[in-house]
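See below for the structure under consideration.
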Ligand code: ADP
Ligand code: MG
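Numbering (the numbering used here), first residue to last: 5 to 283.
Rendered as structure tokens:
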């Protein structure tokens, strides 16, 4: 797979004398994948997101996005265009008085001409199922709708990768579901490369690959199956296990063995159903 982002030997501290917020980070993000980065509060997730789009610059090491380096002032613009970030608070990211103007805002900054702009706005709202809302006021939307508009604003800029930094953590369960199913569909059907930063393992379990951060270092990396193999370790790292993993553990205590590959609730239900039919 094509490497989209390469991070090498990266270390970052906010102020001299502070603890390192990130230390010795090496990672790659590949085109088309859904990578989840998990870790408890303060483990360095948001710092990493800001280093990936050049909002912060590392003291050591490098971040390269499709050949462009965050450390070079004249390459930074290219990186900002390629790496779109949806942040935690839906109320901080929408700036205009209508959904249409909000999406147009980023495009105006890119100097996109009028006809093309219209087309891109149309395409991006339809990809997040917000077609009917172009003339609505962003502040009147629900949290889930606001985040979907923020996602549309990023899609319209045609980035190489979309980063969601705890983008669902302030939403109610309904909004959370809307946003996750939207990005899941964008990844599966549109091939959008996705980096979701979350402490919600229920969300991470749906990704192709997971990286676990703890105190600024990568402590685990692999497929969801591999990462969730040792639940005890994740609990020690301050993470709450997904429901399906907890249930699998309880079933095992009763002598019912569920395969490691049934991670989502749907997969678990299917496997239990099959077992039930055999009994
Ligand atoms: P996470 O997103 O995983 O909760 P952060 O990246 O926000 O973690 O924080 C990593 C570490 O950096 C924490 O120890 C945090 O206190 C520190 N930190 C975060 N932002 C700042 C800042 N603006 N100034 C100083 N220290 C910060
Ligand atoms: Mg954070």
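Glycine included, every Cβ here is placed at the ideal spot set by N, Cα and C.
- Between the stretch 48 to 57 and the stretch 243 to 252 there are fewer than three inter-stretch CB-CB distances shorter than 8 Å, so the stretches are not counted as touching.
- For residue 45, the Cβ falls inside the 7 Å cut-off from some heavy atom of the ligand ADP.
- Between residue 15 and residue 151, the alpha-carbon positions lie close to 31 Å from each other.
- If you look at residue 91, you'll find it isn't in any beta strand (DSSP E); DSSP assigns it neither H nor E.
- Distance from the CA atom of residue 169 to the CA atom of residue 198, rounded to whole angstroms, is 11 Å.
- Assignment of residue 64 by DSSP, reduced to helix, strand and coil, places it in the strand class.
- Checking the 7 Å criterion, the Cβ of residue 248 is out of range of every heavy atom belonging to the ligand ADP.
- Burial check for residue 196: the Cβ neighbour count within 10 Å reaches 16 or more, so the residue is buried.
- The closest CA to that of residue 267, considering only 12, 215, 26, 206, is found on 206.
- For residue 37 and residue 143, the gap between their C-alpha atoms comes out near 32 Å.
- Under the three-state reduction of DSSP output, residue 158 falls in the helix class.
- Straight-line measurement puts the Cα of residue 62 at about 58 Å from the Cα of residue 283.
- Taking a contact to require three or more Cβ pairs closer than 8 Å, the stretch 120 to 136 and the stretch 95 to 111 qualify as touching.
- Per DSSP, residue 213 is not a residue of any alpha helix (DSSP H); the beta strand (DSSP E) it occupies stretches across 213 to 218.
- By the beta-carbon neighbour count (other beta carbons within 10 angstroms, threshold 16), residue 77 is exposed.
- By the Cβ criterion, the stretch 174 to 194 is not in contact with the stretch 107 to 123, since fewer than three pairs of Cβ atoms, one from each stretch, lie closer than 8 Å.
- The C-beta separation of residue 159 from residue 181 comes to about 19 Å, leaving the pair out of contact by the 8 Å criterion.
- Here the C-alpha atom of residue 43 lies approximately 9 Å from the C-alpha atom of residue 204.
- Across the structure, residue 27 and residue 33 are spaced so that their CA atoms are roughly 18 Å apart.
- Shown here, residue 57 sits in coil according to DSSP, grouped into three states, outside any helix or strand.
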